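Take a look at the structure below.
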Amino acid sequence: MKNKAIACALSCAGLLGLGATASAQSTGWQPTLVVAEGKIRSPSDPVHLLLPPLPVTVLQNIALELDNVDVTGLVSTTDGRDAVFMPPQPLAYGEHSLRLVEHAADGRIIERGTWTLDVRKSALFRDASAQADITLNGSTRIADENLPKPMPSRNQANGAAQFKGALVSDRWRTEARMDLVGNSQRVQQADKLDLGQFLLTAETGPLVAQAGDQVVGPESLVMQNFNRRGVSAGVRSQGGSSVTAFAMRTSGLTGFNQGLGVGDEENRTEGVIATARPLADPEALVLWATYLTAEGPDQAGSPDSGIAGDTSATNGNAWSVAGDSQWFERRLRVRGEIAQTHFDFDGDGRDTDLDGVIDSNLPEESGRAHAALVVYTPWHDKQVGGKPLALNLGMENRQIGTYFRSPANPVGVADRDLWRAFTNLNWSGLDLQLSSARETDNVDDVPLLPQTETRQHYIAASYTPTLELKLAADGQTPLLPWFGQPSFSASRLNMQQDVTKPASVLAEGTLREASTTTLGASFMYTSWYWAVNQSISDTEERAAFAPDTHAYVTQLSASFRIGSKLTLTPTLQRSDVEERDPPVESTDRDVRTTTAGAAVDYLLSETVTTGASYMYNRQHGGSESADATTNDVSARISWAAFPPSETRPGITLSLEGSYHEQTDGLTTFGDDPAYQVFMKAAIGWSPRF
Numbered sequence: 056m057k058n059k060a061i062a063c064a065l066s067c068a069g070l071l072g073l074g075a076t077a078s079a080q081s082t083g084w085q086p087t088l089v090v091a092e093g094k095i096r097s098p099s100d101p102v103h104l105l106l107p108p109l110p111v112t113v114l115q116n117i118a119l120e121l122d123n124v125d126v127t128g129l130v131s132t133t134d135g136r137d138a139v140f141m142p143p144q145p146l147a148y149g150e151h152s153l154r155l156v157e158h159a160a161d162g163r164i165i166e167r168g169t170w171t172l173d174v175r176k177s178a179l180f181r182d183a184s185a186q187a188d189i190t191l192n193g194s195t196r197i198a199d200e201n202l203p204k205p206m207p208s209r210n211q212a213n214g215a216a217q218f219k220g221a222l223v224s225d226r227w228r229t230e231a232r233m234d235l236v237g238n239s240q241r242v243q244q245a246d247k248l249d250l251g252q253f254l255l256t257a258e259t260g261p262l263v264a265q266a267g268d269q270v271v272g273p274e275s276l277v278m279q280n281f282n283r284r285g286v287s288a289g290v291r292s293q294g295g296s297s298v299t300a301f302a303m304r305t306s307g308l309t310g311f312n313q314g315l316g317v318g319d320e321e322n323r324t325e326g327v328i329a330t331a332r333p334l335a336d337p338e339a340l341v342l343w344a345t346y347l348t349a350e351g352p353d354q355a356g357s358p359d360s361g362i363a364g365d366t367s368a369t370n371g372n373a374w375s376v377a378g379d380s381q382w383f384e385r386r387l388r389v390r391g392e393i394a395q396t397h398f399d400f401d402g403d404g405r406d407t408d409l410d411g412v413i414d415s416n417l418p419e420e421s422g423r424a425h426a427a428l429v430v431y432t433p434w435h436d437k438q439v440g441g442k443p444l445a446l447n448l449g450m451e452n453r454q455i456g457t458y459f460r461s462p463a464n465p466v467g468v469a470d471r472d473l474w475r476a477f478t479n480l481n482w483s484g485l486d487l488q489l490s491s492a493r494e495t496d497n498v499d500d501v502p503l504l505p506q507t508e509t510r511q512h513y514i515a516a517s518y519t520p521t522l523e524l525k526l527a528a529d530g531q532t533p534l535l536p537w538f539g540q541p542s543f544s545a546s547r548l549n550m551q552q553d554v555t556k557p558a559s560v561l562a563e564g565t566l567r568e569a570s571t572t573t574l575g576a577s578f579m580y581t582s583w584y585w586a587v588n589q590s591i592s593d594t595e596e597r598a599a600f601a602p603d604t605h606a607y608v609t610q611l612s613a614s615f616r617i618g619s620k621l622t623l624t625p626t627l628q629r630s631d632v633e634e635r636d637p638p639v640e641s642t643d644r645d646v647r648t649t650t651a652g653a654a655v656d657y658l659l660s661e662t663v664t665t666g667a668s669y670m671y672n673r674q675h676g677g678s679e680s681a682d683a684t685t686n687d688v689s690a691r692i693s694w695a696a697f698p699p700s701e702t703r704p705g706i707t708l709s710l711e712g713s714y715h716e717q718t719d720g721l722t723t724f725g726d727d728p729a730y731q732v733f734m735k736a737a738i739g740w741s742p743r744f
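Once you know that position 76 of the sequence shown is 131 in the working numbering, the rest is easy, because the numbers rise by one and skip nothing.
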């Protein structure tokens, strides 16, 4: 290094003469780190080094490094021997490396001293942190007229709080988070103050344990979106391999009741997940296996019973083996998975006629599934016209058996065989997506079920051109062209569904055809923007179960910032839904809706804001009750009485009101409009420790 700041500091202090007359030799010397006995080093503590008497020729060639960063320029001295480094900002908790080196005349770098700085909160633990985000809202209705019955309570309060904390030592780490929600009114039988989600985590070396609401392991065909309350424990290596065992509640759980949620063996999911990264590059190949067994309520219903939302007890087990790999310098990604489930859709049976006697008990069903994904990226650094070009080509196959059902995949859709090809291209503000898919059902060819085939083609494009902008006279505001910064988007979706195997009332042939086209454009300026969007949808029901429909929606929106205090946001939307087949002359089945409105916000001062909005909605067609006009007006003024800080909560007071008027084809409410006025207070605090 060529940094000579220590010698400069000595010179500025008038100590060069002292350095020149030093009697110490320039070879074999060592500095000393001065440490106060029994003192814990804090993030802002200075680093004090004691140097022996050295000549200037040595002083001007020594450098100090902190975490491999040269900090010599931040070192000061008072007597030519005491060198003090003051961190420009607090050091992070943990260990930091400190190194003093000498650059010899022959080009060698001589290491004169190395130390480890251990920055800690206390002798027991290295780091400790705590934070909270608290919001409390209270309101009282001071005036009202013609509110619907039953009327809500005049005084209401609600709030939420999130707490986080961590303790970190040399060999262990603990973290905790917890959400609380409160409401002065009982909501769905919940307590007025209740527990949302929480999670406790403890780590020591390779061991990890968690208790609370969590997602364990990578997602698979047998475990998706399974965020449940429970416990887990596992071991993991530095390379990313791990083994985790878990026990979780099968159905969702909130509140303080049920504790950790694993005490009820009839509503519990247990299992183990193993993950391995066998190659030197941990991202090149990842393998994982999942096994689980569970009991609990069936929230999806049995495909044989056809009872949606059946909450009878079910039980089953499932396993899955999956792998995800990247080859040829990450140009080719290959992912594959196989899985199987054994599931009893009605557990010990059902009492179908509610006479207290089990009269239906379906056998356990087995289902298989597999999934494969191949994505090819021809290049990672290709440039066309001086701009990066990104391209992906992919193929996906996913087959899920008719009776494939995992207790840890409550939203999984069974009985599907999907083939899909897709591509994505991105270049110079242009993003293009193409996909084509074919999906069939009745995968296991159940004799009594029909089979349908669905074909879907999708194309979407968006374009945001890059403009060559110049700056205004102030040197900061960009000068946009008259059309602003434009952005365009378009998409088209075509779908056709055919019955390939007839059954019951479904005959062979085309069942449904549908298409949706969307177009959009927006234009951004320095202080305003405007946008337009158009959507057109057509559906043809070939089986005559429902009428053919044609629908379109047009939407205009804009926002204007006038000066530094006023913002105006108008909107306009028109939608039409037409039933084309079969025609019904006696009733107008076409529904047309027009919605228009505007919102205005004004900053009266740094702490006082006000705003108002108006919304007009006109709907006619379909029936007399659907022929309606509504007018809604709202207004507010709020005062940030006390801005929040880490040591003090913020308080905002507001006065809010709303007005509603409605007229429909059957009854007129225009003579008796409804309104209400509220006084509100909001308290927010986000302390950090």
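Where a beta carbon is used, it is the ideal one built from N, C-alpha and C, also for glycine.
Note that this is a predicted model, so its numbers are computed, not measured.
Notebook entry, point to check: Between which two residues does the alpha helix (DSSP H) containing Val113 stretch?
Noted result: From DSSP, the alpha helix (DSSP H) with Val113 extends over Val111 to Leu114.
Next item on the list: Could you check how far apart the C-beta atoms of Arg284 and Gly310 are, in whole angstroms? I think they sit under 8 Å.
Entry: Actually they are not in contact, since the Cβ atoms of Arg284 and Gly310 sit about 10 Å apart, beyond 8 Å.
Check: In three-state terms, what does DSSP make of Thr648?
Finding: strand
Notebook entry, point to check: Ordered along the chain, which non-local residues of its own chain (more than five positions away) have a Cβ less than 6 Å from that of Glu563?
Noted result: Around Glu563: Val554 and Pro557.
Next item on the list: Identify the continuous beta strand (DSSP E) that holds Val455 and give its terminal residues.
Entry: Sequence inspection shows Ile at residue 455; the Val mentioned does not correspond to that position. Run containing Ile455: Lys442 to Ile455, per the beta strand (DSSP E) assignment.
Check: When the Cα of Trp537 is compared with those of Ser570, Asn497 and Thr581, which residue comes out closest?
Finding: Comparing Cα positions, the closest option is Thr581.
Margin query: Do Gln217 and Asp173 have their beta-carbon atoms positioned less than 7 Å apart in this structure?
Written below: no
Next item on the list: Look up Gly676 in the DSSP assignment and say whether it is helix, strand or coil.
Entry: Correct three-state label for Gly676: coil.
Item checked: 7 Å CB neighbourhood of Ala77 in its chain, flanking five on each side removed -> Residue confidence for Ala77 is low, a pLDDT of 41 falling below 50, so the modelled location carries little weight and cannot support an answer.
Check: Taking the alpha carbon of Ser490 as the point to measure from, which residue in Glu568, Leu522 and Asn549 has its own alpha carbon closest?
Finding: Here the closest residue by C-alpha is Asn549.
Check: Which one of Val389, Glu321 and Phe383 has the shortest CA to CA distance from Val341?
Finding: Val389
Notebook entry, point to check: Count the other CB atoms within 10 Å of the CB of Phe744; is the residue buried (16 or more) or exposed (fewer)?
Noted result: exposed
Next item on the list: State the Cα-Cα distance for the pair Leu104 and Val130, rounded to the nearest angstrom.
Entry: Taking the straight line joining both Cα atoms gives about 10 Å.
Note to self: Helix, strand or coil for Leu548? Go by DSSP, reduced to three states.
What the structure shows: strand
Checklist line | Start and end residues, beta strand (DSSP E) containing Phe301 | finding: Ser297 to Arg304
Check: Tell me the DSSP bridge mates of His151?
Finding: Partner(s): Leu172.
Notebook entry, point to check: Would you call Phe600 buried or exposed, if buried means 16 or more other Cβ atoms sit within 10 Å of its Cβ?
Noted result: exposed
Next item on the list: Measure the beta-carbon distance from Pro602 to Arg635 and round it to whole angstroms, keeping in mind my assumption that it falls under 8 Å.
Entry: 7 Å
Next item on the list: Spatial neighbours of Ala651 within its chain, please: CB distance less than 6 Å, with the 5 preceding and 5 following residues excluded, ordered by chain position.
Entry: Leu627 and Tyr671
Note to self: Once DSSP output is grouped into helix, strand and coil, what is the label at Leu222?
What the structure shows: strand
Check: Do you know whose CA, among Leu387, Arg460, Asp401 and Thr345, lies nearest Trp374's CA?
Finding: Thr345
Notebook entry, point to check: What are the boundary residues of the beta strand (DSSP E) that includes Asn479?
Noted result: Here the beta strand (DSSP E) through Asn479 covers Arg471 to Trp482.
Check: Rounded to whole angstroms, how far is the Cβ of Thr707 from the Cβ of Ala729, which I believe are closer than 8 Å?
Finding: Thr707 to Ala729, Cβ: 26 Å. No contact.
Item checked: Environment of Trp343 [buried if 16+ CB atoms lie within 10 Å] -> buried
Notebook entry, point to check: Quick one: is Asn464 buried, meaning 16 or more other Cβ sit within 10 Å of its Cβ, or exposed?
Noted result: buried
Notebook entry, point to check: Under a three-way DSSP split, which group does Gly128 fall into?
Noted result: Helix.
Notebook entry, point to check: Going by the beta-carbon positions, is the gap between His158 and Asn116 smaller than 7 Å?
Noted result: Contact flag set, yes.
Check: Among Ser612, Arg510, Asn416 and Arg181, which residue has its Cα nearest to the Cα of Ala221?
Finding: Arg181
Check: Exposed or buried, Asp727, counting other C-beta atoms within 10 Å across all chains shown (16 or more means buried)?
Finding: exposed
Item checked: Length at least 3, wholly inside the stretch 693-722: the beta strand (DSSP E) runs in chain order -> 705-719
Note to self: To the nearest angstrom, how far is the alpha carbon of Ser99 from that of Thr133?
What the structure shows: 20 Å
Next item on the list: Quick one: which unbroken beta strand (DSSP E) runs of 3-plus residues sit fully inside the stretch 190-224? Chain order, please.
Entry: 210-223
Note to self: DSSP has His512 in a bridge; who is on the other side?
What the structure shows: Ser491 and Asn549
Notebook entry, point to check: Around the Cβ of Val468, are there at least 16 other Cβ atoms within 10 angstroms (buried) or fewer (exposed)?
Noted result: exposed
Check: Between the beta-carbon of Gly484 and the beta-carbon of Pro443, is there less than 7 Å?
Finding: In this structure, Pro443 does not lie closer than 7 Å to Gly484 by Cβ.
Next item on the list: With DSSP collapsed to three states, give me the class of Asn282.
Entry: coil
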